[in-house]
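2 protein chains.
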Amino acid sequence: MLTLSTVQFAPIFGDKPPNINRIHDFIDSLQSDIIIFPELCTTGYFFQTNEEAIAAAELFSGETITALQLKSTERNQIYVIGFAELGEDGNAYNSAALIMPDTNLTAVYRKTHLFYKESNCFAAGNTGFFVVEDTKRDVKIGVMICYDWRFPEAARSLALAGADLIVCPSNLVTDVWHIAMPARALENKVYLAVANRIGTETGGGEELVFKGDSAIWGYNGKIMAKSGVDEESVLTVTIDPTQTRNKSFNAFNNIFTDRRPEMYK
Amino acid sequence: MLTLSTVQFAPIFGDKPPNINRIHDFIDSLQSDIIIFPELCTTGYFFQTNEEAIAAAELFSGETITALQLKSTERNQIYVIGFAELGEDGNAYNSAALIMPDTNLTAVYRKTHLFYKESNCFAAGNTGFFVVEDTKRDVKIGVMICYDWRFPEAARSLALAGADLIVCPSNLVTDVWHIAMPARALENKVYLAVANRIGTETGGGEELVFKGDSAIWGYNGKIMAKSGVDEESVLTVTIDPTQTRNKSFNAFNNIFTDRRPEMYK
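These protein sequence lines map, in sequence, to chains A and B. All residue numbers for the first sequence refer to our numbering, where the first residue is 70 and numbers rise by one. All residue numbers for the second sequence refer to our numbering, where the first residue is 70 and numbers rise by one.
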């Protein structure tokens with residue numbers, strides 16, 4: 070059994086130090102095995118240009134993630150944190166660091182499906198959907214980010230790669246994803262945790278309102294915990310990742326082996 | 070604008086004439102453009118052996134579908150009706166006839182994903198997921214059957230083939246599909262109609278209780294109409310199939326062209 074938390078807060082656009090301090094403060098206050106933070110929560114969200122995103126982005130091996138890695142190893146906790154990543158190729162990516170106590174397992178996911186003006190600022194992710202296995206804790210974690218929710222293929226790819234738990238750092242500005250997330254959990258028999266942000270940001274003469282509503286679903290598609298739409302909030306639940314692995318539900322049916330990919334478009 | 074109905078009733082196992090009479094009676098009472106009936110509603114559901122299914126099955130060109138085809142053409146209505154099909158290959162299939170007023174468009178879908186003891190009785194469907202276009206009514210219809218709901222790939226395949234409306238004749242014995250169906254509608258931006266049955270059947274010392282709850286969802290994932298769990302019921306809604314076709318929702322995003330199949334497992 071593991072404890073899993075989502076953190077919902079309002080990062081400040083363009084002012085990294087207080088955002089990073091908030092992240093450390095949340096971590097210091099939580100004993101959970103796994104803590105999920107929102108998308109782009111070190112920098113804020115609403116970049117307008119690629120130059121602006123590149124200026125704010127930092128290497129996965131940079132100061133912010135290195136400090137969190139040290140904390141992860143020291144506190145023996147897993148963190149998933151959305152950040153603006155400067156790739157080794159010079160591109161800016163909308164990424165999430167999956168920071169594991171064992172540094173060999175730490176990995177970065179780059180958002181596959183870019184939303185709205187993100188495509189003006191970030192390169193489309195090139196990591197694909199992958200799963201990291203922590204054998205000590207006996208959990209396999211896959212990451213998707215925000216608008217990836219819209220594509221059943223994203224969660225499906227993570228589940229087929231073996232995820233027990235899908236985590237989704239987000240900066241969602243609608244609430245319709247609450248229709249899809251329980252289906253993602255149910256159809257793949259996985260836990261699913263969304264850490265969304267709150268607050269507003271303006272840019273290019275436009276205001277974005279982030280809708281909070283962070284939530285965690287069990288592998289049966291039922292909601293386990295949910296935050297409000299506009300308050301800072303930490304959710305914590307207990308999960309048993311091993312319960313997600315038997316995809317059979319009667320003597321005849323298994324939701325993975327019953328798939329017939331040759332029949333799908 | 071088209072009218073769409075789902076019919077929820079309790080077919081009698083192994084007694085075709087009254088079931089077929091009920092189907093004709095429902096049709097005669099309805100003026101809807103499209104009428105959806107449950108899975109295997111001419112024969113009942115709970116076959117135990119392949120021999121039993123083959124004995125009850127009839128050709129797509131047989132008496133039952135031919136009579137309904139005449140009615141479809143005469144009344145200018147579209148019917149989707151689950152039936153036990155005897156294939157030209159001698160196999161029994163759990164099929165749905167998509168009966169169009171224009172006989173050239175009439176087609177049969179054979180259930181891709183078999184549930185529970187169905188695999189003892191029926192061959193797995195070999196038609197794949199396809200769409201029939203009625204240019205006069207300006208609607209494109211795709212069919213899936215019951216347990217196909219469990220696989221996001223099924224509805225996705227139909228939507229990518231151009232479906233405005235996915236219909237799902239069913240004999241569902243749980244209610245968890247209500248978690249997934251709104252997501253299927255939303256993630257594909259299509260209408261989705263489930264005609265489920267009610268009643269109980271026994272076979273092999275086991276009782277199955279069919280859970281009714283037939284429902285129709287709009288392309289925004291919101292429910293438009295819902296039947297009760299144990300009553301005979303007809304739902305009728307008005308739909309505008311043309312509204313499903315623009316898959317863009319802002320200047321940057323389109324839920325189909327944003328897909329990145331090369332990144333999916």
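A virtual CB, placed ideally from N, CA and C, is assigned to each residue, including glycine.
Going along chain A, which residues have a C-beta under 7 Å from residue i?
i, result
"ASP327 (chain B)", "HIS182"
"ASN287 (chain B)", "Note that residue 287 (chain B) is Gly in the sequence shown here, rather than Asn. Ordered by position in chain A, no residue passes the 7 Å Cβ test against GLY287 (chain B), which lies about 11 Å from the chain."
"TYR260 (chain B)", "Those within 7 Å of TYR260 (chain B) in chain A number zero; the least Cβ separation is about 15 Å."
Tell whether a beta-carbon distance below 7 Å holds between residue i and residue j.
i, j, result
"SER74 (chain B)", "SER101 (chain B)", "yes"
"VAL236 (chain B)", "VAL177 (chain B)", "no"
"VAL201 (chain B)", "LEU174 (chain B)", "yes"
"SER302 (chain A)", "GLN77 (chain A)", "yes"
"TYR216 (chain A)", "ALA192 (chain A)", "no"
"ALA294 (chain B)", "PHE106 (chain B)", "no"
"GLY290 (chain A)", "LEU255 (chain A)", "yes"
"TYR333 (chain B)", "GLU331 (chain A)", "no"
"ASN119 (chain B)", "CYS190 (chain B)", "yes"
"VAL306 (chain A)", "GLY281 (chain A)", "no"
"LYS258 (chain B)", "LYS209 (chain B)", "no"
"PHE321 (chain B)", "SER188 (chain A)", "yes"
"SER226 (chain A)", "PHE198 (chain A)", "yes"
"GLY159 (chain A)", "ARG179 (chain A)", "no"
"ILE103 (chain B)", "ILE168 (chain B)", "no"
"PRO251 (chain A)", "TRP286 (chain A)", "yes"
"LEU155 (chain B)", "LEU128 (chain B)", "yes"
"LEU109 (chain B)", "GLY83 (chain B)", "no"
Step through the CB atoms of chain B and report whether any lies within less than 7 Å of the CB of residue i.
i, result
"PHE321 (chain A)", "yes"
"ILE89 (chain A)", "no"
"ILE104 (chain A)", "no"
"LEU229 (chain A)", "yes"
"LYS334 (chain A)", "yes"
"ILE150 (chain A)", "no"
"GLY272 (chain A)", "no"
"ILE324 (chain A)", "yes"
Contact criterion: CB-CB distance below 7 Å. Does residue i meet it with respect to chain A?
i, result
"PRO238 (chain B)", "no"
"ILE214 (chain B)", "no"
"LYS316 (chain B)", "no"
"SER226 (chain B)", "yes"
"MET169 (chain B)", "no"
"GLY25 (chain B)", "With chain B covering 70 to 334 only, the question about residue 25 (chain B) has no answer from this structure."
"ILE147 (chain B)", "no"
So with CB distances below 7 Å, who are the chain B contacts of residue i?
i, result
"LYS186 (chain A)", "PHE321"
"PHE220 (chain A)", "ARG328"
"VAL245 (chain A)", "LEU255 and GLY290"
"ILE210 (chain A)", "Ordered by position in chain B, no residue passes the 7 Å Cβ test against ILE210 (chain A), which lies about 16 Å from the chain."
"ILE235 (chain A)", "Neighbours of ILE235 (chain A) on chain B: none; closest Cβ ~13 Å, over 7 Å."
Spatial neighbours of residue i within its chain, please: CB distance less than 8 Å, with the 5 preceding and 5 following residues excluded, ordered by chain position.
i, result
"ARG219 (chain B)", "HIS182, TRP246 and ALA249"
"LYS85 (chain A)", "THR111, THR112, ALA125 and THR133"
"GLU300 (chain A)", "GLN77, ILE267 and GLY281"
"GLU143 (chain A)", "none"
Going by beta carbon distance, what residues of the same chain come within less than 6 Å of residue i, once the five residues before and after it are set aside?
i, result
"TYR260 (chain B)", "LEU234, TYR288 and ILE308"
"ARG253 (chain B)", "ALA224 and LEU261"
"ALA344 (chain B)", "It is not possible to answer for residue 344 (chain B), since the shown part of chain B is limited to 70 through 334."
"LEU342 (chain A)", "One cannot answer for residue 342 (chain A) here, as it falls past the ends of chain A, which runs 70 to 334."
Quick one: which chain B residues come within Cβ less than 9 Å of residue i?
i, result
"ALA249 (chain A)", "PRO251, ALA252, LEU255, GLU256 and GLY290"
"GLY156 (chain A)", "Ordered by position in chain B, no residue passes the 9 Å Cβ test against GLY156 (chain A), which lies about 16 Å from the chain."
Given that residue i touches chain A, what residues does it touch there, using C-beta distances under 9 Å?
i, result
"TYR178 (chain B)", "Going along chain A, no residue has its Cβ under 9 Å from TYR178 (chain B), so there is no contact; the nearest lies around 11 Å."
Spatial neighbours of residue i within its chain, please: CB distance less than 7 Å, with the 5 preceding and 5 following residues excluded, ordered by chain position.
i, result
"ALA122 (chain A)", "PHE116, ALA153, ALA161, CYS190 and PHE191"
"GLY272 (chain A)", "PHE115 and GLN117"
"ASP244 (chain A)", "LYS280 and ASP282"
"ALA230 (chain B)", "PHE198, PHE199, VAL200 and GLY211"
"THR196 (chain A)", "VAL177, TYR178 and ARG179"
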